[in-house]
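K.L.:
There are 2 protein chains.
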Amino acid sequence: MSVQQRKEKAREERGRLIVSAARELAEAEGWEAVTTRKLADKVEYSQPVLYSHFKNMDAIASAVALQGFDELTVALTKGVERAGLRGLADAYLEFAREHPALYQAMFVRQSELTFAVGEIPASLRAGFAVFLAAVEPHADGDPETLAELFWSSLHGLATLQAGSRLRPDLHEHRIDLLVRLITAH
Amino acid sequence: MSVQQRKEKAREERGRLIVSAARELAEAEGWEAVTTRKLADKVEYSQPVLYSHFKNMDAIASAVALQGFDELTVALTKGVERAGLRGLADAYLEFAREHPALYQAMFVRQSELTFAVGEIPASLRAGFAVFLAAVEPHADGDPETLAELFWSSLHGLATLQAGSRLRPDLHEHRIDLLVRLITAH
DNA sequence: GCAGAATGTCTAGCAGTGCTAGCATCGGGT
DNA sequence: ACCCGATGCTAGCACTGCTAGACATTCTGC
Numbered sequence: 000m001s002v003q004q005r006k007e008k009a010r011e012e013r014g015r016l017i018v019s020a021a022r023e024l025a026e027a028e029g030w031e032a033v034t035t036r037k038l039a040d041k042v043e044y045s046q047p048v049l050y051s052h053f054k055n056m057d058a059i060a061s062a063v064a065l066q067g068f069d070e071l072t073v074a075l076t077k078g079v080e081r082a083g084l085r086g087l088a089d090a091y092l093e094f095a096r097e098h099p100a101l102y103q104a105m106f107v108r109q110s111e112l113t114f115a116v117g118e119i120p121a122s123l124r125a126g127f128a129v130f131l132a133a134v135e136p137h138a139d140g141d142p143e144t145l146a147e148l149f150w151s152s153l154h155g156l157a158t159l160q161a162g163s164r165l166r167p168d169l170h171e172h173r174i175d176l177l178v179r180l181i182t183a184h
Numbered sequence: 000m001s002v003q004q005r006k007e008k009a010r011e012e013r014g015r016l017i018v019s020a021a022r023e024l025a026e027a028e029g030w031e032a033v034t035t036r037k038l039a040d041k042v043e044y045s046q047p048v049l050y051s052h053f054k055n056m057d058a059i060a061s062a063v064a065l066q067g068f069d070e071l072t073v074a075l076t077k078g079v080e081r082a083g084l085r086g087l088a089d090a091y092l093e094f095a096r097e098h099p100a101l102y103q104a105m106f107v108r109q110s111e112l113t114f115a116v117g118e119i120p121a122s123l124r125a126g127f128a129v130f131l132a133a134v135e136p137h138a139d140g141d142p143e144t145l146a147e148l149f150w151s152s153l154h155g156l157a158t159l160q161a162g163s164r165l166r167p168d169l170h171e172h173r174i175d176l177l178v179r180l181i182t183a184h
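This is how it looks when you write it as structure tokens:
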């Protein structure tokens, strides 16, 4: 049944095309501009094909988010290898700044995927592991809490910054201070 | 012109009615359920009336947010008076937890109101002042940066918690740790 | 090679969204 | 008593997510 396998492969390819088209559209014009019609236009199919790949629009955004988790984990790993805790913080905030729509899909837009209760994507869990390892030397026997707090702080900085609610010129100072607070035990 | 003044007063009253109806609806069913038709139904007018008070739906949400800034500042002040930095953190996170839709309108939904660039609502500025004062004893000559960082951390905790992305049982631990990091200079 | 079945895609449409033009109707000023 | 401006309404537009049903097209069994 090689012919069916090839079909299946082409189908998966089209699924990936939809996801990357959605991501591009979101990054270019924001998620509110990602409509079924525009997306169908972009991939040069009609709207119903979207629904043969994904349950609904939210599922497409979730697929984009999943890509993001993978890429974030890679970026975080590189960051921590380059410059420890400070590199991790820089990598996280740079990722959020460079891919605002992607970051929104991952952490701001509420989706069906409620983690912590239920199953967490493996890539996200790997990202958390990077935090855990990086933070462990500075935790008094409770790296989980410190890792969650560090992540939360970075998330807060990322989202408030994205909304222009923090003074841009103090960006570096805030990261410095955060890292100093954690490392100075 | 007493009659006109009375009319104007009734008009303002209706404006407030719209805002509180929107807030109730959002708190009860989430912002995605706040539509012009439902809102008009709730205040027992037709949709066009909404537009004689507000430019558009976003402006209504912004009015709700403005209410929230006032209330948050009050809550933060009480918190810091009761238990210093820890009371401030508790008050902030309790506010976000008890009024999730309100908090969304204030800090999550992106609106025209980009602060930091442009004018910041007076009540929000007052809220930041509470942070500044509470944090000042623990800052090495740079309370602004520490206040922004503290606020960001709480915001991160609040939003990630709201999305069920943090372990609920560690809630108190995270606050403890955050406050300890700041106070332990 | 060919009829019939199965798979896949598209056209057309529904219900609901934010928002507005234009028409009644009501009330105050002269 | 009349006029006229202000006010709220009905109806409608262009858009949204999503789906039913018609139409090809391709594969299967003979």
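Residue numbers (numbering that gives the first Met the number 0), protein chains in the order written: chain A, 0 to 184; chain B, 0 to 184. Where is the CB? At the ideal position from N, CA and C, for every residue including glycine. On a predicted model such as this, the values are computed, not experimentally measured, just so you know.
1. What would DSSP say about B/T182, mapped onto helix, strand or coil?
2. Is it buried or exposed for A/P136, if we count other Cβ within 10 angstroms and need 16 for buried?
3. Classify B/G140: buried if its beta carbon has 16 or more other beta carbons within 10 angstroms, exposed otherwise.
4. For the region 39 to 50 of chain B and the region 78 to 95 of chain B, state whether three or more C-beta atom pairs, one from each stretch, are separated by less than 8 Å.
5. Using a 10 Å radius around the Cβ and a threshold of 16 neighbouring Cβ atoms, would you call B/R164 buried or exposed?
6. Between B/S152, B/H172 and B/L145, which has its C-alpha nearest A/P169's C-alpha?
7. Do B/T72 and B/G126 have their beta-carbon atoms positioned less than 9 Å apart in this structure?
8. Please report whether the beta-carbon of A/T158 lies at a distance below 9 Å from any beta-carbon of chain B.
9. Rank A/F68, A/A21, A/R173 and A/A58 by C-alpha distance to the C-alpha of B/F149 and give the top, closest one.
10. Using a Cβ-Cβ distance cut-off of 9 Å, determine whether A/V33 contacts chain B.
11. Taking the C-alpha atoms as reference points, what is the distance between A/D89 and A/V129?
12. With distances taken from CA atoms, which of A/G162, A/L153, A/E97 and A/A161 is nearest A/D175?
13. Could you check what DSSP says for A/I119 in three-state terms: helix, strand or coil?
14. Taking DSSP as the reference, what is the three-state secondary structure of A/D139?
15. For the alpha helix (DSSP H) holding B/Y91, just list the boundary residues, first then last.
16. Any C-beta of chain B sitting closer than 9 Å to the C-beta of A/A94?
17. Measure the beta-carbon distance from B/F53 to B/A62 and round it to whole angstroms, keeping in mind my assumption that it falls under 8 Å.
18. Looking only at its chain, what residues have a beta carbon closer than 8 Å to the beta carbon of B/V178, apart from the 5 residues adjacent to it on each side?
19. What distance in whole Å lies between the Cβ atoms of A/A60 and A/A20, which are believed to be in contact at a cut-off of 8 Å?
20. At the level of alpha carbons, what is the spacing between B/R96 and A/R22?
P.N.:
From the atom records:
1. helix
2. exposed
3. exposed
4. no
5. buried
6. Sequence inspection shows Leu at residue 169 of chain A; the Pro mentioned does not correspond to that position. Out of B/S152, B/H172 and B/L145, B/L145 has the C-alpha closest to the C-alpha of A/L169.
7. yes
8. So, interface residue.
9. A/R173
10. The C-beta of A/V33 comes no closer than 9 Å to any C-beta of chain B.
11. 14 Å
12. A/L153
13. DSSP, read as helix, strand or coil, puts A/I119 in coil.
14. A/D139: coil per DSSP, three-state reduction.
15. M56 to E97
16. The amino acid occupying residue 94 of chain A in the given sequence is Phe; Ala does not appear at that position. Judged by the 9 Å Cβ criterion, A/F94 is not in contact with chain B.
17. 7 Å
18. Excluding positions up to five away in sequence, the list reads L84, R85 and A88.
19. That belief does not hold up - the Cβ atoms of A/A20 and A/A60 are roughly 12 Å apart, past 8 Å.
20. A straight-line Cα-Cα distance of about 31 Å links B/R96 and A/R22.
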